[in-house]
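One structure is given below, encoded as structure tokens.
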Amino acid sequence: MYFIIDFIGSIKGPVFLGVFALWALIIWLVYRLVPIVSPPKVKRLDVPGLDGYSYTYIQKEYYKLIEFAVLNLYSKKYIELNLNSSKTKVAIKPTASNLRPSEKELKEVERVIFKEIQNKQTDFQSFLTHCDSKSVRKKLEPILDHYEEGWEEAGFIYGNEARKKQQYYLRIFQIIVALPGVIKLIIALSRGYTNVQFLIFEIIIFTFVIPVAMKNIKPLQGITAAGKKYIQQIKEKYYSSQRIKHILSEEDELKAAVNNNELFLTGNLLNASKVLKIGTLAYLAAIAAAAAAAASSCSSCSSCSSCSSCGGGCSGCGGCG
């Protein structure tokens, strides 16, 4: 120990600054590359309840989770999504018929979001911002924790114990990094040197700032290799590239996929740029155009019942002329 202290004390200040920086980088590189915390064992490959919501949440896509719930409520006709006159915003509100879903008809996330829509009728973007508030997140927290528990139970994400273990080893590595710098600082001060500001700066940077800047170097709040493999299997099974090409090439298929949330989930799982660009606003614009075309076609009919585009009957066209 005394040999190490003497050796550190013998290194000249400017040289030590470079050596200390190199030391810190090597230690953090070792920490990054060595598998200190082993991933959990995969307990089973098929986890009940791993639906589109859990896939979305586990990939830390909170806003997409809300969008997914809104689109599901829309497809079930419990809410309305309407473009404003300038086609720049989408109004969101319960249906005019005040149709109320039963508890069994909606998933847990959808129940929370539906109640929020009832209490706050606004445009789509403002609603997403509202759902980011502490009050809404608190309501969703037990549900999201349940999703996380399911993935953890399956061995697809790192659990709390693994994270605690990682934090423990992180502290040890921080001590290892800081120790030479602290020893040099004590020696310098004991010898009457006061120009140690840059050394203190390096100690702070390499011990605390770098781990934070790099998200603790090796974050465990994510999906394990087995989890990523499982998601890949889901992609290959349900969302093949051929299916995406078919959806994108056929307008009717595209609208049907949006209505069934298939397009949304496909885009979320595969991160397909073409799919993700087709947002709710674009789809609603297409609906508005189709509705306008149908209304125009209906008005040209002499009889509502004979006009297939009206849907039949006087109510379909707003009255017979």
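Residue numbers (our numbering): 14 to 334. Every residue gets a Cβ at the ideal spot worked out from N, C-alpha and C, and that includes glycine.
In this structure, ALA104 lies near GLU93, with their beta-carbon atoms less than 9 Å apart. Taken in chain order, the complete alpha helix (DSSP H) segments of 4 or more residues contained in the segment 70-138 are 75-88, 121-132. Counting only residues of its own chain and dropping the five nearest sequence neighbours on each side, CYS144 has a CB closer than 6 Å to the CB of ILE79.
Per DSSP, the continuous alpha helix (DSSP H) segment holding ILE21 begins and ends at 15-23. Your pair LEU86 and GLU123 checks out as a contact, with CB atoms roughly 6 Å apart and the cut at 8 Å.
A distance below 6 Å between beta-carbons, with the five flanking residues on each side excluded, links HIS159 to no residue of its chain. VAL43 sits exposed, since fewer than 16 C-beta atoms from the chains shown fall within 10 Å of its C-beta.
In the DSSP assignment, ILE218 falls outside any alpha helix (DSSP H) and carries neither an H nor an E.
If you ignore the 5 residues before and after THR108, its C-beta comes within less than 8 Å of the C-beta of LYS90, TYR91, ILE92, GLU93, all in its own chain and listed in chain order. Contact between the segment 192-202 and the segment 210-217 is established, with three or more Cβ pairs separated by less than 8 Å. Setting aside the 5 residues that flank it on each side, SER67 is surrounded in the same chain by TYR160, each with a C-beta closer than 6 Å to its C-beta; the list follows chain order. Counting along the chain, GLY205 sits inside no alpha helix (DSSP H), nor does DSSP assign it H or E at all. In this structure, DSSP gives ILE170 an extended state, which the three-state scheme calls strand. Counted as a single uninterrupted DSSP element, the alpha helix (DSSP H) harbouring GLY31 occupies residues 26-46. If you compare the alpha carbons of TRP36, GLY31, PHE20, GLN131 with that of ILE189, the shortest gap goes to TRP36.
For the 9 Å CB-CB criterion, LEU46 and PHE219 do not form a contact. For the pair THR237 and ALA191, the Cα-to-Cα distance works out to about 30 Å. In the three-state DSSP reduction, ILE236 falls in the strand class (E or B).
Counting only the Cα atoms, ARG184 lies some 28 Å from SER23. Of the candidates GLY205, PHE81, TYR171, PHE81 places its Cα closest to the Cα of PHE137.
For VAL195 and PRO155, the gap between their C-alpha atoms comes out near 44 Å.
With a cutoff of 9 Å on beta-carbon distance, ILE223 and TRP41 are scored as near each other. The straight-line gap separating the alpha-carbon atoms of THR142 and LYS25 is approximately 55 Å. The beta-carbon distance between ALA175 and VAL50, rounded to whole angstroms, is 5 Å. This is short enough to meet the 8 Å contact definition.
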